[in-house]
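In my numbering, the protein residues as written are 5 to 416. Here a beta-carbon is modelled for each residue, glycine too, at the ideal position from N, C-alpha and C. Worksheet for the structure shown next.
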């Protein structure tokens, strides 16, 4: 692409193969030990540009951390990419590069949302390949070792990369929270023993609520046994649901298929109504609990008793009542699920677990008390944040209801 105003050529993709960070060649270390070279790469890319580079031999779980081992230039380069402004960085391995062992590569996205293309589901990726690849005269596939399912493997860094990442002297927090959990070490209260669904106690207009079936002490996790069984709607899948719901709401859709609007709108309401939004995959996507945990309602004005508080003093900094809507974008950063660092193989490998883990009872809960969450942490998308705050204010004031209750009232 050419920016005529600045007379600078911008590239959609830059692929670099000349330098091997793992070899510790002096010139390579000099280029990565600082940002001047990487800044030129960043500035040479279009806004949604992608940078790709080989990293050399794939890592082994017996290697030391990158910072002190043979991959130290790789660590310097990732740091330089971060400082230059790349918003999402990933590594992957390939065994058909023509070398005597699997070879590693790094891909860096200038803009965070571009990551969603990397995370496309296999069927959509296959369609894109059919649309973009040249056809051979023989009719045989033009790619010998790559297809959509291979791309699914690229989305997950090798386990050894995660292992070495977690060996850093400055131990990344996600290595403790997002790599699974040991049932023997988690104080879990099963849903079958501790929870029941009844009419919500928060207001006469509310629908169902999640009620404690017995006393539950502080720091207890709830229904861990079902946390891995969520419904997942990746970015492009959710876009399809949105587009179908919009079509069903049009006059033509209503005339031709009378039941389509009701069915699609019900499905569309179910996803954000019971689910929680995230942008871990680049664009908005949703996860919905598959058990009764989805019936937990919002705790108004910071009264929620279940969740996770990140502040060191344990204080709740923002509620729907005290948020300055003129400063919503900055405040949204407090709730967003976007990673704090652009490079985290732990989150790349365990993003599903990170979305439905880490919550616990924040204070002792008595039998019959309602379990309440902080719905502000469920939005995950800046465009909808302001609307969600206003909706929660109306519900907390008794002047409105949630989207599920509203849909059920209109459908009855």
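N-terminal and C-terminal residue of the beta strand (DSSP E) that residue i is part of
| i | result |
| --- | --- |
| residue 20 | 15-20 |
| residue 215 | 212-216 |
| residue 411 | Careful: residue 411 lies outside any beta strand (DSSP E), inside the alpha helix (DSSP H) at 407-415. |
| residue 290 | 289-292 |
Beta-carbon proximity of residue i to residue j, cut-off 7 Å
| i | j | result |
| --- | --- | --- |
| residue 289 | residue 237 | yes |
| residue 393 | residue 324 | yes |
| residue 19 | residue 56 | yes |
| residue 351 | residue 361 | no |
| residue 190 | residue 354 | no |
| residue 54 | residue 85 | no |
| residue 49 | residue 15 | yes |
| residue 146 | residue 140 | yes |
| residue 118 | residue 52 | yes |
| residue 279 | residue 292 | yes |
| residue 239 | residue 120 | yes |
| residue 326 | residue 376 | no |
| residue 306 | residue 320 | yes |
| residue 364 | residue 223 | yes |
| residue 294 | residue 272 | no |
| residue 164 | residue 64 | yes |
| residue 374 | residue 205 | yes |
| residue 299 | residue 212 | yes |
Environment of residue i [buried if 16+ CB atoms lie within 10 Å]
| i | result |
| --- | --- |
| residue 124 | buried |
| residue 254 | exposed |
| residue 203 | exposed |
| residue 366 | buried |
| residue 194 | exposed |
| residue 66 | exposed |
| residue 137 | exposed |
| residue 178 | buried |
| residue 399 | buried |
| residue 17 | exposed |
| residue 256 | The predicted model places residue 256 with a pLDDT of 46, which falls under 50 and marks its position as unreliable, so this point remains unresolved. |
| residue 208 | exposed |
| residue 378 | buried |
| residue 415 | exposed |
| residue 242 | buried |
| residue 425 | Examination of residue 425 is not possible in this model, given that the chain is present from 5 through 416 alone. |
| residue 308 | buried |
| residue 401 | exposed |
| residue 6 | Since pLDDT at residue 6 reaches only 47, below the 50 mark, its modelled position is unreliable, and no value is offered. |
| residue 303 | buried |
| residue 395 | buried |
Proximity to residue i [Cα-Cα], best of the options
| i | options | result |
| --- | --- | --- |
| residue 95 | 409, 174, 147 and 166 | 166 |
| residue 99 | 76, 132, 60 and 80 | 60 |
| residue 310 | 387, 214 and 180 | 214 |
| residue 348 | 285, 375, 329 and 276 | 285 |
| residue 369 | 302, 216 and 297 | 216 |
| residue 150 | 101, 173 and 168 | 101 |
| residue 410 | 72, 196, 277 and 221 | 277 |
| residue 198 | 92, 47, 76 and 226 | 226 |
| residue 134 | 142, 152, 307 and 403 | 152 |
| residue 157 | 407, 406, 97 and 326 | 97 |
| residue 90 | 73, 127 and 47 | 47 |
| residue 287 | 321, 383, 374 and 330 | 383 |
| residue 372 | 201, 242 and 297 | 201 |
| residue 210 | 222, 387 and 405 | 405 |
| residue 196 | 206, 176, 228 and 205 | 228 |
| residue 78 | 92, 108, 104 and 88 | 108 |
| residue 159 | 129, 185 and 186 | 129 |
| residue 313 | 381, 274, 343 and 346 | 381 |
| residue 103 | 154, 62, 116 and 127 | 62 |
| residue 246 | 267, 232 and 231 | 267 |
| residue 168 | 346, 408 and 74 | 74 |
| residue 232 | 251, 252, 185 and 269 | 185 |
| residue 114 | 387, 346 and 391 | 346 |
| residue 230 | 297, 172 and 148 | 297 |
| residue 171 | 220, 72 and 80 | 72 |
N- and C-terminal bounds of the alpha helix (DSSP H) containing residue i
| i | result |
| --- | --- |
| residue 199 | No alpha helix (DSSP H) contains residue 199, which is instead part of the beta strand (DSSP E) from 199-203. |
| residue 270 | 264-278 |
| residue 86 | 76-88 |
| residue 242 | 239-253 |
| residue 312 | Counting along the chain, residue 312 falls outside any alpha helix (DSSP H), and DSSP gives it neither H nor E. |
| residue 57 | Not the alpha helix (DSSP H): residue 57 falls in the beta strand (DSSP E), residues 49-61. |
| residue 350 | 349-359 |
What runs of the alpha helix (DSSP H), each 4 residues or longer, lie entirely inside the region 90-145? DSSP runs (the alpha helix (DSSP H)) wholly in the region 90-145: 119-122 and 126-136.
Which residue spans inside the region 145-177 form an unbroken alpha helix (DSSP H) run of at least 4? 152-158 and 163-169
Please give me, in chain order, every unbroken run of the beta strand (DSSP E) with length at least 3 that falls completely inside the region 363-406. Here no run is fully enclosed.
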